[in-house]
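A.B. asks: In my numbering, the protein residues as written are 1 to 292. Positions of the beta carbon are idealized from the N, C-alpha and C atoms, including for glycine. These numbers come from a predicted model, not from an experiment. Here it is, the structure, as structure tokens.
Encoded structure:
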């Protein structure tokens, strides 16, 4: 690629987009191409960086974060600017091309362009603010979910009877998709345990599972829906959590349209807010054969 094309590529596809085009044009001539074979280490945890790398093609893996890095990833920028040791091993997952500028050249470039450090510091501050917001959301989410968590299934379905065999088959079938499920029958059949078996046999087994007694829900839906600008509701806190609606036959009549919309469209509306989508898996339990 020509110098102008590389500068445009950096602006459009890399973390160096914090720099203006003129500054990137000055950086491009300092870059050299380096090629790495598959499963080759690029940087090593605990060492100090020898230079800056920019992934042009191929895939890398950050082994500490357990994430893949794609084209445009910039390696060692923070470590060079803040004089830090490398925090993780990064290796190639296939053949890869990277642009490279050695440590001394990059630091000289950074000294000549102090706006790089300032813009990076601002970006780092924004990232920290976003992370703090995410942590605050997650803490609130965990606080909301905690009273409803189901730790595990009590027991599996045992026995060789046709009933036990059919029940195991039905649980297995329900575990292989995320469609809503209705479990009904007379008291004492451990229907909540069947719901847990569906969840822990599914691909979502590592996500939490929560159980709500429909008889205890407020008719205005505040606990379930939340209120815009005030409190997150259970449905917003769920994400991909499996939600067991226990005793669905005792659901307040005012909430029936809410649950129908959730089942049919996967959406709900917080009180005073706008419609939102839910990724929750819904399992309903009823003491009636067909809930009213």
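Taking the beta carbon of residue 221 as the centre, do at least 16 other beta carbons fall within 10 Å, making it buried, or is it exposed?
C.D. replies: Under this definition residue 221 is a buried residue.
A.B. asks: Check the C-beta distance from residue 281 over to residue 178 and give it rounded, since I have them as a contact under 8 Å.
C.D. replies: Indeed they touch by this definition, with Cβ atoms about 5 Å apart.
A.B. asks: Pull up the DSSP beta-bridge partners for residue 101, would you.
C.D. replies: Answer by DSSP bridge pairing, in chain order: 52.
A.B. asks: Could you say which of 247, 21, 202, 130 lies nearest to residue 216 if we only look at CA atoms?
C.D. replies: Closest by alpha carbon: 247.
A.B. asks: For the beta strand (DSSP E) that contains residue 33, what are its first and last residues?
C.D. replies: Its beta strand (DSSP E) spans residues 32-36.
A.B. asks: Could you check the C-alpha separation between residue 182 and residue 92 for me, to the nearest Å?
C.D. replies: Distance between the alpha carbons of residue 182 and residue 92: 47 Å.
A.B. asks: Relative to the C-alpha of residue 171, which candidate in 153, 139, 214 has its C-alpha closest?
C.D. replies: Checking every option, the nearest Cα to that of residue 171 belongs to 153.
A.B. asks: Taking the straight line between their C-alpha atoms, what separation do you get for residue 235 and residue 249?
C.D. replies: Near 19 Å, if we compare the C-alpha coordinates of residue 249 and residue 235.
A.B. asks: Looking at the C-beta of residue 75, does it have a partner C-beta in chain C at a distance below 8 Å?
C.D. replies: Of the protein chains in this structure there is only one, and it is not chain C.
A.B. asks: For residue 269, which residues of its own chain have a beta-carbon under 6 Å away from its beta-carbon, when the five flanking residues on both sides are left out?
C.D. replies: 275.
A.B. asks: Leaving out five residues before and five after residue 291 in sequence, what residues of the same chain have Cβ atoms less than 6 Å from its Cβ?
C.D. replies: Low local confidence applies: a pLDDT of 49 at residue 291 is under 50, so the model's placement there is unreliable, and no value is given.
A.B. asks: Can you find the residues in the same chain that come closer than 8 Å, C-beta to C-beta, to residue 79, ignoring five residues on each side of it along the sequence?
C.D. replies: Here the set comprises 48, 49, 85, 86, 87.
A.B. asks: Under a three-way DSSP split, which group does residue 133 fall into?
C.D. replies: Three-state DSSP puts residue 133 in a helix.
A.B. asks: Would you tell me roughly how many angstroms separate the C-alpha atoms of residue 20 and residue 35, rounded to the nearest one?
C.D. replies: Answer to the nearest angstrom: the Cα atoms are 27 Å apart.
A.B. asks: Using the Cα positions of residue 1 and residue 175, report the straight-line distance between them to the nearest angstrom.
C.D. replies: Residue 1 and residue 175: Cα-Cα distance of roughly 51 Å.
A.B. asks: For residue 72, which option in 149, 81, 52 has the closest C-alpha, if you only look at C-alpha atoms?
C.D. replies: Closest by alpha carbon: 52.
A.B. asks: For residue 61, list the residues DSSP reports as bridge partners.
C.D. replies: Note: residue 61 sits in a beta bridge opposite 68, 91.
A.B. asks: Looking at residue 233: is its Cβ nearer than 8 Å to the Cβ of residue 245?
C.D. replies: No, they are not a contact pair.
A.B. asks: For residue 86, does the three-state DSSP call read helix, strand or coil?
C.D. replies: Residue state, collapsed to three classes: coil.
A.B. asks: Give the straight-line distance between the Cα atoms of residue 145 and residue 212, rounded to the nearest whole angstrom.
C.D. replies: For residue 145 and residue 212, the distance between alpha carbons rounds to 10 Å.
A.B. asks: Need the endpoints of the alpha helix (DSSP H) that residue 193 sits in, please.
C.D. replies: Where residue 193 is concerned, the enclosing alpha helix (DSSP H) stretches over 191-200.
A.B. asks: Using beta-carbon positions only, say whether residue 58 and residue 32 come within less than 8 Å of one another.
C.D. replies: Taking 8 Å as the Cβ cut-off, residue 58 and residue 32 do not qualify as a contacting pair.
A.B. asks: Starting from residue 11, follow the alpha helix (DSSP H) in both directions and report where the run begins and ends.
C.D. replies: Taken as a continuous stretch (DSSP letters only), the alpha helix (DSSP H) holding residue 11 covers 3-13.
A.B. asks: Give me, in chain order, the residues of the same chain whose beta-carbon lies closer than 6 Å to that of residue 286; leave out the 5 immediate sequence neighbours on both sides.
C.D. replies: So the list reads 184, 248, 249, once near-sequence residues are dropped.
A.B. asks: Does the beta-carbon distance from residue 167 to residue 157 come in below 8 Å?
C.D. replies: Yes.
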